[in-house]
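Quick note on the numbering used here: the sequence shown kicks off at 78 and runs consecutively. By construction, the Cβ of each residue, glycine as well, lies at the ideal position given by its N, Cα and C atoms. For reference, the structure discussed in these notes is given below.
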Amino acid sequence: MYGLVNKGLADMVRSIAGDSVWDQIKVKAGVSVDVFISKESYPDAMTVSLVVATAEALATTPDDILERFGQHWVLETAQAYGHLLEATGRTLPEFLRNLPNLHTRIALSFPYLDPPTFRCSAITESSLVLGYSSRRTGLIPFVVGLIKGLGQRFDTPLRVTLLPAKPTGEQEFLIDWGSTVSSCPS
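Written out as structure tokens, the structure is:
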């Protein structure tokens, strides 16, 4: 993964627990990198080790860390690419419908990007089904966090429901931002 990912995780941990906890996490994960370079590639295993060590340090699960990181990614890390976010959409439904094209634009800055793919279907006025697939496994909670972060970014209450995985391995999420969502937990 690109250093931007690890740097974003470090920023989240530092904002929650401080620099000393991040330093302890790096030691626990066996990571000796002092500063992650945003456009440099790092092994996926390094990121996984950092997530697992973060979960241990914060007394939670890796899935919880990934979901929180997904929200942080949308609300904090991705702000460095605000122009791309703005071009993707000005409302939650517009952004979600245009999400499949976002990584195409990001690849202009990150030429070795191995992005996930997204597909929208069953689009209605208040919901859609977002299909997600990636060669990387275990990132479903991160995607849920991204979706919830988008709801916050657009000040749109939403509910995310994980649908059964397709035989192709694609995971689908029902995203509902209808008027009844405000009384339902996400």
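Proximity of the segment 145-163 to the segment 227-234 meets the contact definition, three or more beta-carbon pairs being nearer than 8 Å.
Taking a cut-off of 8 Å for Cβ pairs, the segment 81-90 and the segment 109-119 touch, as three or more such pairs fall below it. Following the DSSP letters along the chain, one finds V220 inside the alpha helix (DSSP H) bounded by residues 217-230. A Cβ-Cβ distance of about 6 Å is found for the pair L207 and F195, placing them in contact under the 8 Å criterion.
T138 and F146 have their C-alpha atoms some 12 Å from each other. Per the DSSP secondary-structure output, G208 pairs in a beta bridge with R196, E249. Residues of the same chain with a CB within less than 8 Å of the CB of G246, apart from the 5 flanking positions on each side, are S210 in chain order. Under the criterion of beta carbons closer than 8 Å, I93 and L135 qualify as touching, at roughly 7 Å. Looking only at G159, S203, V108, the smallest Cα-Cα distance to G255 is reached by S203.
When secondary structure is reduced to three states using DSSP, Y158 falls in the helix class.
About 5 Å separates the beta carbons of L179 and T165, which is inside the 8 Å limit, making them a contact pair.
In this structure, the straight-line span from the alpha carbon of V104 to that of T124 is close to 13 Å. Separation of the CB atoms of D140 and R213 is rounded to 15 Å, and the pair is thereby denied contact status at 8 Å.
The alpha-carbon separation between F250 and T181 amounts to approximately 21 Å. By the CB criterion at 8 Å, L127 and A106 fall inside the cutoff. Of the candidates G215, P192, S186, T201, S186 places its Cα closest to the Cα of A157. According to the DSSP assignment, L239 belongs to the beta strand (DSSP E) that extends over 236-239.
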